[in-house]
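These protein sequences, in sequence, are chains A and B.
Counting from 2, one number per residue, gives the positions in the first sequence under the numbering used here.
Counting from 2, one number per residue, gives the positions in the second sequence under the numbering used here.
Think of the CB as a built atom: it goes at the ideal place given N, C-alpha and C, for glycine as much as any other residue.
Protein chains: 2
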Amino acid sequence: MTINLLRQRSIQILKSVQNKNVKSSTMHDVARLAGVSIATVSSVINGKSGVSEKLTEKVNQAMATLDYHPDLVARSLKVGRTNVIGMVVPDVTNQFYTEAMRGVEDEARKHGYMLILGNSNEDTDHEMHLLSMLFSQRVDGVLLASSGSTAAYDRLTRRRFPIVFIDRVPVGCSERAVIIDNVGAAYEATRHLISLGHERIAIITGKLPLSTGSDRVDGYRKAMQEAHLPIREEYFQVGDFSLESGHQCGLNLMKLSEPPTAIFSCNNKMTLGLMRSLAELAIPCPDKVSVISFDDFEWAANFSPRLTTVAQPTYEIGQKAMQMLIRIICANKDGLDDNENILVLPAELHVRDSTAPPSP
Amino acid sequence: MTINLLRQRSIQILKSVQNKNVKSSTMHDVARLAGVSIATVSSVINGKSGVSEKLTEKVNQAMATLDYHPDLVARSLKVGRTNVIGMVVPDVTNQFYTEAMRGVEDEARKHGYMLILGNSNEDTDHEMHLLSMLFSQRVDGVLLASSGSTAAYDRLTRRRFPIVFIDRVPVGCSERAVIIDNVGAAYEATRHLISLGHERIAIITGKLPLSTGSDRVDGYRKAMQEAHLPIREEYFQVGDFSLESGHQCGLNLMKLSEPPTAIFSCNNKMTLGLMRSLAELAIPCPDKVSVISFDDFEWAANFSPRLTTVAQPTYEIGQKAMQMLIRIICANKDGLDDNENILVLPAELHVRDSTAPPSP
DNA sequence: TTTGCATTTTGAAACGTTTAAATATAAATT
DNA sequence: AATTTATATTTAAACGTTTCAAAATGCAAA
Numbered sequence: 002m003t004i005n006l007l008r009q010r011s012i013q014i015l016k017s018v019q020n021k022n023v024k025s026s027t028m029h030d031v032a033r034l035a036g037v038s039i040a041t042v043s044s045v046i047n048g049k050s051g052v053s054e055k056l057t058e059k060v061n062q063a064m065a066t067l068d069y070h071p072d073l074v075a076r077s078l079k080v081g082r083t084n085v086i087g088m089v090v091p092d093v094t095n096q097f098y099t100e101a102m103r104g105v106e107d108e109a110r111k112h113g114y115m116l117i118l119g120n121s122n123e124d125t126d127h128e129m130h131l132l133s134m135l136f137s138q139r140v141d142g143v144l145l146a147s148s149g150s151t152a153a154y155d156r157l158t159r160r161r162f163p164i165v166f167i168d169r170v171p172v173g174c175s176e177r178a179v180i181i182d183n184v185g186a187a188y189e190a191t192r193h194l195i196s197l198g199h200e201r202i203a204i205i206t207g208k209l210p211l212s213t214g215s216d217r218v219d220g221y222r223k224a225m226q227e228a229h230l231p232i233r234e235e236y237f238q239v240g241d242f243s244l245e246s247g248h249q250c251g252l253n254l255m256k257l258s259e260p261p262t263a264i265f266s267c268n269n270k271m272t273l274g275l276m277r278s279l280a281e282l283a284i285p286c287p288d289k290v291s292v293i294s295f296d297d298f299e300w301a302a303n304f305s306p307r308l309t310t311v312a313q314p315t316y317e318i319g320q321k322a323m324q325m326l327i328r329i330i331c332a333n334k335d336g337l338d339d340n341e342n343i344l345v346l347p348a349e350l351h352v353r354d355s356t357a358p359p360s361p
Numbered sequence: 002m003t004i005n006l007l008r009q010r011s012i013q014i015l016k017s018v019q020n021k022n023v024k025s026s027t028m029h030d031v032a033r034l035a036g037v038s039i040a041t042v043s044s045v046i047n048g049k050s051g052v053s054e055k056l057t058e059k060v061n062q063a064m065a066t067l068d069y070h071p072d073l074v075a076r077s078l079k080v081g082r083t084n085v086i087g088m089v090v091p092d093v094t095n096q097f098y099t100e101a102m103r104g105v106e107d108e109a110r111k112h113g114y115m116l117i118l119g120n121s122n123e124d125t126d127h128e129m130h131l132l133s134m135l136f137s138q139r140v141d142g143v144l145l146a147s148s149g150s151t152a153a154y155d156r157l158t159r160r161r162f163p164i165v166f167i168d169r170v171p172v173g174c175s176e177r178a179v180i181i182d183n184v185g186a187a188y189e190a191t192r193h194l195i196s197l198g199h200e201r202i203a204i205i206t207g208k209l210p211l212s213t214g215s216d217r218v219d220g221y222r223k224a225m226q227e228a229h230l231p232i233r234e235e236y237f238q239v240g241d242f243s244l245e246s247g248h249q250c251g252l253n254l255m256k257l258s259e260p261p262t263a264i265f266s267c268n269n270k271m272t273l274g275l276m277r278s279l280a281e282l283a284i285p286c287p288d289k290v291s292v293i294s295f296d297d298f299e300w301a302a303n304f305s306p307r308l309t310t311v312a313q314p315t316y317e318i319g320q321k322a323m324q325m326l327i328r329i330i331c332a333n334k335d336g337l338d339d340n341e342n343i344l345v346l347p348a349e350l351h352v353r354d355s356t357a358p359p360s361p
């Protein structure tokens, strides 16, 4: 075929593609322009061996002129695999999850996966809906920071659908998860307050049906009991991980006739709410009340009071969870059982200025 | 068909589905179990009129027993539309973008769209790659907070691919975007510092090839010129929106023999870096230096110093951008030209404690 | 020249939907 | 009872890939 003929044909095909306007060119167009069969084009695209130098070149050229991008929807349908994984988090504005997401994404990209992110807004119904959407989209697996219900999870696992919990696990489920040692970390945090001399120590808990809720309470309980300190009912404030709940619990605590001298807040958002309530009541921290918080972030260290926190390895949580998910997907594909278990990472206490001995 | 026969058939089909294990049931299975054609099943699923009470019931029952979930991959291939839109942001750990994302998601859900989120990490190459992946995934449109390059954008618009810029626009592109009045907001911010009596006012800029970089500089310039204040070269620090750049610029500024008495930081992450540098150098704010920052967040108001900020309507930006994108998609579908333009939202100055008159 | 064998290329059937056209059924009109 | 009309249901062809079996080609040996 002469160069001229090639050019002419190219223009013609380009035009036919442009006419349809938004529709993009297909393997068919490429094959036609290169003067080969679509099977050959497919082989070139997928780097299969056994295509001659000459045709490979022709095909590549045709793809370039047409600016061809393979249709992954069609491919997914054929191969029964999308190379997309879903991630559902309860609060996308919480940096904890977005840092984890970076770990997930980096690891995902390394293995050729894309990421669909869903935000359940701490709403179990919406979480169910998101999971079933993801399933319908035929994602290859899901990372889930649960907002509480196990219903969706049950349905999916019954189908042997690859799923890994991250950060939060509904109490009861205890496999295929990447979490931190919440009991240990909460124990250390409470110990820190006790060692400073505090006795009236309050806690603002997260959602109790979740591991991050109940385990942190357990660690707190353990430390308190060990030190023979009572846990007053009014010092036990049940929050739900939201800023608003932290705010409300903070007000509840500091308006008591005998307010606590130290508060253990179980996540970053609730701590922000707590600090707001302290500001509103003009209660200085740590002078009047010490604050220790789960989750460590950029703002914690450079404003006043510099917060004492329990720092979690957020990026690593995401990274490790994605690795586990990939192993499960592969095992599933080969029809064998994966024997993935729960992975527990350590957390770290960062002592700063928001905790101090109680004022006499 | 007797109830018994139905049950028997159901068990048989269920078993055949379970054997394939992870594969889920198809319209075919449903049709077989319900004893109808797959076209009828399709009609029921899509709520088409003209299916008898009786068959509708049968089909619904069959779908329930099989726990059938439609394969959106197959549907997408057929109808040439995925009902998925992509969103690419330069820093997913920046709450600005996740709050915008909430607006996007709420609006998307309302119209039956799902969301794929990509994080370009301020890397234009990676951004290109993400965009081309999204295109291959055949998303119906893209929301883009650009990290600087226009190359990807050009390629996509040439194909008339629906795309809306959000927050940041590469200088030059000036259509289909939802942004705020950066010049005006930066002008007001600088005016605020000037009105407090500051004359040595520094700026930490963002990436200059982006509207959020250059427009904010323009506003600053305008205010300074109007007040007949010089813009010293060493007070003009070019950052890149990252915490690290804010930190470095902060150090540069405060180590000058004649440091500024006020600093205008052009986004939240850089402000965090700036505050870190002030802490390291033990320079009190606002006593020695005033700080005003773009972007307002939860932590800005309840720690000390309470930050003076320019607050953007983050949620609304996302919401409005998604609405615009949907309009473009619809116009495209009907083959007509959309006449969408740029949408500029107002920002708001929140005066708090980090800005004060210069110390004498 | 033929034969056989390895290599390259192609044809055609999937994958799970939607949809237009065709057919079957029921109801209404003569 | 025969015909028309409206309604309900099914058939079969797409959508853009992958993939396997079959066909074509090239090349060495007979």
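Could you work out which residues of chain A lie near B/GLU299, taking near to mean beta carbons separated by less than 7 angstroms?
If you number the second sequence from 1, residue 299 of chain B lands on position 298. Within 7 angstroms Cβ-Cβ: LEU244 and LEU273.
Per-residue DSSP class, three states only, for B/ASN61:
As a first step, residue 61 of chain B is located in the second sequence; it is residue number 60 there, counting from the start. Residue state, collapsed to three classes: helix.
Regarding B/TYR236 and the ligand MN, is the C-beta to nearest heavy atom distance less than 6 angstroms?
As for the ligand MN, it is missing from this structure, which has no ligand bound.
Along chain A, in chain order, which residues have C-beta atoms closer than 7 angstroms to that of B/GLU106?
On the second sequence, position 105 is the one that residue 106 of chain B refers to. Near B/GLU106 (Cβ distances below 7 angstroms), the residues of chain A are ASN120.
Give me the Cα-Cα distance between B/SER378 and A/PHE237, rounded to the nearest whole angstrom.
Within the shown structure, residues of chain B are numbered from 2 to 361, placing residue 378 of chain B beyond reach of any answer.
Candidates A/VAL31, A/HIS127 and A/ASN84, of which the one nearest A/ALA65 by Cα
By 1-based counting over the first sequence, the position of residue 65 of chain A is 64. The shortest Cα separation from A/ALA65 among A/VAL31, A/HIS127 and A/ASN84 belongs to A/VAL31.
Going by beta carbon distance, what residues of the same chain come within less than 8 angstroms of A/GLU245, once the five residues before and after it are set aside?
Against the first sequence, residue 245 of chain A aligns to sequence position 244. Only residues of its own chain outside the window of five on either side were considered, and among them GLY274 have a CB closer than 8 angstroms to the CB of A/GLU245, listed in chain order.
Please report whether the beta-carbon of A/THR99 lies at a distance below 7 angstroms from any beta-carbon of chain B.
Taking the first sequence and counting its residues from 1, one reaches residue 99 of chain A at position 98. Yes, its Cβ sits closer than 7 angstroms to a Cβ of chain B.
Just to make sure I have the definition right: I need the residues of chain B whose C-beta is within less than 8 angstroms of the C-beta of A/PHE1. Which are they?
Residue 1 of chain A lies beyond the range of chain A shown here (2 to 361); nothing can be said about it.
For the 8 angstroms Cβ check, are there 3 or more pairs between the segment 114-128 of chain B and the segment 186-197 of chain B?
Counting Cβ pairs under 8 angstroms, fewer than three are found: no touch.
Could you tell me whether the Cβ atoms of A/ARG353 and A/THR309 are closer together than 7 angstroms?
As a first step, residue 353 of chain A must be located in the first sequence, where it is residue number 352. As a first step, residue 309 of chain A must be located in the first sequence, where it is residue number 308. Cβ distance < 7 angstroms, so A/ARG353 and A/THR309 count as in contact.
Let me see if you follow: with CB-CB separation under 7 angstroms, is A/ASN253 close to chain B or not?
Taking the first sequence and counting its residues from 1, the one referred to as residue 253 of chain A is at position 252. It does not; no Cβ of chain B falls within 7 angstroms.
As an exercise, report each continuous beta strand (DSSP E) stretch of at least 3 residues that is fully enclosed by the segment 205-243 of chain B, in chain order.
Those beta strand (DSSP E) runs which fall completely within the segment 205-243 of chain B and span 3+ residues are 237-239.
Quick one: which unbroken beta strand (DSSP E) runs of 3-plus residues sit fully inside the segment 105-191 of chain A? Chain order, please.
Correct list: 115-120, 142-145, 164-167 and 178-181.
DSSP on A/ALA245, reduced to helix/strand/coil?
Along the first sequence, one-based indexing puts residue 245 of chain A at 244. It should be pointed out that residue 245 of chain A corresponds to Glu in this sequence rather than to Ala. Reduced to three states, the DSSP call for A/GLU245 is helix.
So for A/GLU281, helix, strand or coil by DSSP?
Translated into positions along the first sequence, residue 281 of chain A becomes position 280. DSSP places A/GLU281 in helix when its eight states are reduced to three.
Using CA coordinates, which residue listed in B/ILE164, B/ALA146 and B/MET134 is at the minimum distance from B/GLN324?
In the second sequence, the residue the question calls residue 324 of chain B occupies position 323. The candidate whose alpha carbon is nearest that of B/GLN324 is B/ILE164.
DSSP on A/LEU346, reduced to helix/strand/coil?
Mapped onto the first sequence, residue 346 of chain A falls at position 345. Correct three-state label for A/LEU346: strand.
Span of the alpha helix (DSSP H) holding B/ALA263?
Stepping through the second sequence from its first residue, residue 263 of chain B is reached at position 262. No alpha helix (DSSP H) holds B/ALA263; the beta strand (DSSP E) holding it covers 263-266.
Identify each residue in the segment 157-174 of chain B for which the Cβ-Cβ distance to at least one residue of chain A is less than 8 angstroms, and report them in chain order.
Those residues of the segment 157-174 of chain B that come within reach of chain A (Cβ to Cβ, closer than 8 angstroms) are ARG160, ARG161 and PHE162.
CB contact check: B/GLN96 to chain A, cutoff 7 angstroms:
Counting from one through the second sequence, the residue named residue 96 of chain B turns up at place 95. Residue-level contact check: B/GLN96 touches chain A, since one or more beta carbons of chain A fall below 7 angstroms from its beta carbon.
Are the C-beta of B/ALA280 and some C-beta of chain A separated by less than 7 angstroms?
As a working mapping, residue 280 of chain B is identified with position 279 in the second sequence. B/ALA280 counts as touching chain A.
Check whether A/GLU108 and A/GLN313 have beta carbons under 7 angstroms apart:
One-based indexing of the first sequence puts residue 108 of chain A at position 107. One-based indexing of the first sequence puts residue 313 of chain A at position 312. No, the pair does not count as a contact, with Cβ atoms beyond the cut-off.
Residues near B/HIS193 by beta carbon distance below 8 angstroms, same chain, minus five either side:
Along the second sequence, read from residue 1 onward, the residue named residue 193 of chain B stands at position 192. Same-chain partners within the cutoff: ILE293, THR309, LEU350, VAL352 and THR356.
Among the candidates A/VAL143, A/ILE195 and A/GLY251, whose CA atom is the shortest distance from the CA of A/PHE226?
Here residue 226 of chain A is taken as the residue at index 225 of the first sequence, counted from 1. The amino acid at residue 226 of chain A is misidentified as Phe; the sequence shows Gln. Considering only alpha carbons, the answer is A/ILE195.
What are the residues of the segment 45-79 of chain A that lie near chain B, defined by any Cβ-Cβ distance shorter than 8 angstroms?
Listed by position along the chain: ASP68, HIS70, PRO71, ASP72, LEU73, VAL74, ALA75, SER77 and LEU78.
Out of B/PHE295, B/ARG233, B/THR158 and B/GLU281, state which residue places its alpha-carbon closest to the alpha-carbon of A/PHE365.
This structure does not reach residue 365 of chain A, given that chain A is present from 2 up to 361, and the question cannot be answered.
If you run the structure through DSSP and keep just helix, strand and coil, what is B/ASN22?
Residue mapping note: residue 22 of chain B aligns to position 21 of the second sequence, counting from 1. Residue placement at B/ASN22 cannot be trusted, given a pLDDT of 49 that sits under 50; what the coordinates show is reported in the next sentence. Three-state result, B/ASN22: coil.
Taking 7 angstroms as the threshold (beta carbon to beta carbon), is B/MET323 in contact with chain A?
Here residue 323 of chain B refers to the residue found at position 322 when the second sequence is read from its first residue. Chain A contact via Cβ: absent.
Ordered along the chain, which non-local residues of its own chain (more than five positions away) have a Cβ less than 6 angstroms from that of B/PHE295?
One-based indexing of the second sequence puts residue 295 of chain B at position 294. When the five nearest sequence neighbours on each side are left out, the beta carbons in the same chain lying within less than 6 angstroms of the beta carbon of B/PHE295 are those of CYS267, ASN268 and VAL311, in order along the chain.
Counting only Cβ pairs nearer than 7 angstroms, list the residues of chain A close to B/PHE136.
Position 135 of the second sequence holds residue 136 of chain B. Around B/PHE136, the beta-carbon contacts reaching into chain A at under 7 angstroms are HIS70.
Per-residue DSSP class, three states only, for A/HIS351:
For the purposes of this step, residue 351 of chain A is taken as the residue at position 350 of the first sequence. Note: A/HIS351 maps to strand in three-state DSSP.
Cβ-based neighbour list, B/LEU6, same chain, cut-off 7 angstroms, excluding 5 preceding and 5 following:
Position 5 of the second sequence, counted from the start, is the residue given in the question as residue 6 of chain B. Below a pLDDT of 50, predicted positions are generally treated as unreliable, and B/LEU6, at 45, falls in that range; the measurement from the model is reported next regardless. Within the same chain, no residue comes within 7 angstroms of B/LEU6 by CB-CB distance, once the 5 residues on both sides are set aside.
Note the first and the last residue of the continuous beta strand (DSSP E) segment covering A/GLY87.
Within the first sequence, residue 87 of chain A is the residue found at index 86, counting from 1. Looking at the DSSP string, the run of the beta strand (DSSP E) that includes A/GLY87 is 85-90.
Within 7 angstroms of chain B by C-beta, residues of the segment 301-335 of chain A in sequence order:
Of all residues in the segment 301-335 of chain A, ASN303, PHE304, SER305 and ASN333 have a Cβ within less than 7 angstroms of some Cβ in chain B.
B/VAL85 versus A/LYS59, A/SER137 and A/LYS49, residue with shortest Cα-Cα distance
Here residue 85 of chain B corresponds to residue number 84 of the second sequence, with the count starting at 1. Ranking A/LYS59, A/SER137 and A/LYS49 by CA distance to the CA of B/VAL85 puts A/SER137 first.
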